[in-house]
Amino acid sequence: MANLSEEECRALLRQLDGVVLPRHAGIIMDGNGRWAQQRMLPRKAGHRAGAETLGSIARFARDAGIEYITFYTFSTENWKRPQSEVQGLMDLLHNYLSQSNKYIGENIRIRFLGALSALSPELQEECRRTEEESRGNTGLNMNLALNYGGQDEIVHAARSLARDVQSGALAPEDIDVSLFSSRLYTAGMPECDVIIRPSGEMRLSNFLLWQAAYAEFVFMDTLWPDFTERDFVRALKEYARRSRRFGGR
Ligand code: FPP
46 MANLSEEECR ALLRQLDGVV LPRHAGIIMD GNGRWAQQRM LPRKAGHRAG AETLGSIARF
106 ARDAGIEYIT FYTFSTENWK RPQSEVQGLM DLLHNYLSQS NKYIGENIRI RFLGALSALS
166 PELQEECRRT EEESRGNTGL NMNLALNYGG QDEIVHAARS LARDVQSGAL APEDIDVSLF
226 SSRLYTAGMP ECDVIIRPSG EMRLSNFLLW QAAYAEFVFM DTLWPDFTER DFVRALKEYA
286 RRSRRFGGR
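Below, the structure written as structure tokens:
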């Protein structure tokens, strides 16, 4: 966890002048457990450090002019982890969301993507309040994918369309890519342009399956708690070097 100075961040932002930025970046915050293990700390210490990285990268993304950033915070599969780790993550979220003045002052709009009804009533209420209180913020749209799974999201959208077909409000032929997209948690948001995954793992892990149809992938070795604005700039420059053809030539 190396905190860069404001001056270092300003210099990094200058490096992005003229660089084509993603409208929507997705980040898989991987490597917290290994980071903690290397320091003989409990895994939750890794997640805590990872939450700090999330804050610094979100602020940097805002200052760089990125419109949307989605952080993979807790997956539909993460419930399989030991109860103590799950609880540690939920406590962390609770602490984060209870400091609401922080993100309001930072001009970041926060939204949650996922099946929130599985969370505790307190956490659900905090998520709702956070979305509500940050609604007017315009600096950055930050999504926290929470109890999120790409497959689950697609099933959820399919069910909502099936209900409309069943009630007669919709004909099966009316269903197209655009209508389907409008039933996803990311309705109204741009597709994901780049997925950044630190920690050396090279897989999507059920993250933004639909939205990443034409995303570029940037895999890096740094563990998420060690990930700095400098790594983020490296990833953004790597993205800018890619030639995106979206199936055309
Ligand atoms: C994967 O690393 C990371 C997670 C399952 C959780 C990510 C969550 C955070 C960083 C906390 C975010 C908190 C707030 C308040 C928004 P891993 O634990 O699987 O790492 P490993 O692969 O090294 O074991």
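FYI, the numbering for the sequence shown is 46 to 294, going by this note's numbering. Just so it is clear, CB atoms sit at the ideal spot from N, CA and C, and this is done for glycine as well.
Answer with buried or exposed for residue i, where buried requires no fewer than 16 other C-beta atoms within 10 angstroms of its C-beta.
| i | result |
| --- | --- |
| Trp-269 | buried |
| Pro-235 | exposed |
| Val-263 | buried |
| Ser-288 | exposed |
Please report how far the alpha carbon of residue i lies from the alpha carbon of residue j, in whole angstroms.
| i | j | result |
| --- | --- | --- |
| Ile-149 | Trp-124 | 30 Å |
| Gly-181 | Phe-116 | 20 Å |
| Leu-185 | Ser-179 | 11 Å |
| Thr-231 | Ala-94 | 27 Å |
| Val-210 | Glu-97 | 45 Å |
| Arg-228 | Gly-194 | 15 Å |
| Met-247 | Ala-216 | 40 Å |
Run through DSSP, which three-state label would residue i get?
| i | result |
| --- | --- |
| Phe-264 | strand |
| Arg-84 | coil |
| Val-278 | helix |
| Ile-241 | strand |
Of all the options the options, which has the alpha carbon lying nearest to the alpha carbon of residue i?
| i | options | result |
| --- | --- | --- |
| Arg-126 | Asn-192, Ile-241 and Asp-238 | Asn-192 |
| Gln-256 | Ala-90, Arg-275, Ala-103 and Tyr-113 | Tyr-113 |
| Arg-59 | Arg-294, Glu-274 and Arg-286 | Glu-274 |
| Arg-55 | Leu-137, Arg-107 and Arg-79 | Arg-107 |
| Asn-152 | Leu-254, Gly-195, Arg-104 and Gly-233 | Arg-104 |
| Ala-160 | Leu-134, Val-131 and Val-200 | Val-200 |
| Ser-143 | Leu-99, Arg-173 and Thr-118 | Arg-173 |
When DSSP builds the beta bridges, which residues end up paired with residue i?
| i | result |
| --- | --- |
| Ile-149 | DSSP lists no partner for Ile-149. |
| Ile-155 | Met-187 |
| Thr-115 | Gly-71 and Asn-188 |
| Tyr-193 | Ser-120 |
Confirm the yes/no value for this check: CB of residue i, any heavy atom of ligand 2, distance under 6 Å.
| i | result |
| --- | --- |
| Tyr-141 | No copy of ligand 2 appears in this structure; the ligands present are ligand 1. |
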